[in-house]
Amino acid sequence: MADLRVLFTHEQIQRRVEELAAEVERDFAGRKIIFIGVLKGATIFLADLARRVRLDATFDFIGVSSYGKEKQTSGVVRLTKDVEQPLTACNVILVEDILDTGLTMTYLRKVLLAHQPSCLKIAALLDKACRRVLPIKADYVGFTIPDDFVVGYGMDYAERYRNLPEICVLPPEMI
Ligand code: PRP
């Protein structure tokens, strides 16, 4: 798309997702897993990752909203959609498109740990490690990126660009 700089092509993303899937397969061999996608950004990543993991797996989704995010985060994260099943004694992989300040993931981790899963891992396609406010790390990371505004492959700006197959940088003048 015009004016957008491609950061990762569709092929680069697919190759990395394949590698992450292999790690998940190794770590959870012989076990059932539940992928929990964080709406809406993680949907595309979850769909690609899950289709490459050849294990007995199911999906669920969780929704959050954080206020004041566009400019300065307020630090308030609110649950807008809960999971639809108890996760007690389950192997859970929480799937995110991007780990930024870490506020969302720290909040979700607490929410999901309250279910007492037997295992909770975090998969984040992108990690803006330089932006972290809370000390949370993902177990599976696709790419560590600088502090650019990225869109595509599930990620949006004002709900647009989620359907781009590649991940692009939105220039500051477009924000
Ligand atoms: C993005 C992303 C994470 C969160 C990460 O969601 O999907 O959920 O921000 O940021 P944090 O680490 O600073 O908390 P967004 O609010 O853009 O919603 P969306 O997934 O529906 O696009």
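Throughout the sequence shown, residue numbering follows the working numbering, covering 240 to 414 in sequence. We put the beta carbon where it would ideally sit given N, CA and C, even for glycine.
Asked                                                                                                                                                                   : Found
Taking a contact to mean a Cβ-Cβ separation below 9 angstroms, would you say Val277 touches Glu335 in this structure?                                                   : yes
Please state whether DSSP places Ala346 in a helix, a strand or coil.                                                                                                   : Residue 346 is actually Tyr in this sequence, not Ala. Three-state result, Tyr346: helix.
In whole angstroms, give me the CA-to-CA distance for Glu250 and Val390.                                                                                                : 16 angstroms
Quick one: give me the first and last residue of the beta strand (DSSP E) that Asp366 is part of.                                                                       : Cys358 to Asp366
Among Phe382, Arg291 and Asp366, which one has its Cα closest to the Cα of Lys376?                                                                                      : Asp366
Hey, would you say the C-beta of Gly269 is under 8 angstroms away from at least one heavy atom of ligand 1?                                                             : no
What residue from Arg399, Gly314, Ile414 and Ala281 has the CA that sits closest to Val372's CA?                                                                        : Gly314
Whose CA, out of Val256, Asp242 and Arg370, lies closest to the CA of Val380?                                                                                           : Val256
Since I believe Leu342 is in contact with Val316 (beta carbons under 8 angstroms), could you give me their beta-carbon distance rounded to a whole number of angstroms? : 6 angstroms
Taking the alpha-carbon positions, what's the Leu287 to Glu412 distance?                                                                                                : The question names Leu, but residue 287 in the sequence shown is Asp. Approximately 31 angstroms between the Cα atoms of the pair.
Measuring only from the beta carbon, is Ala281 closer than 8 angstroms to any heavy atom that is part of ligand 1?                                                      : yes
So does Glu257 have its beta carbon nearer than 8 angstroms to some heavy atom of ligand 1?                                                                             : no
Under 9 angstroms between the Cβ atoms of Ala296 and Ile275?                                                                                                            : no
In the DSSP assignment, what residue or residues form a beta bridge with Tyr392?                                                                                        : In DSSP, Tyr392 forms no bridge with anything.
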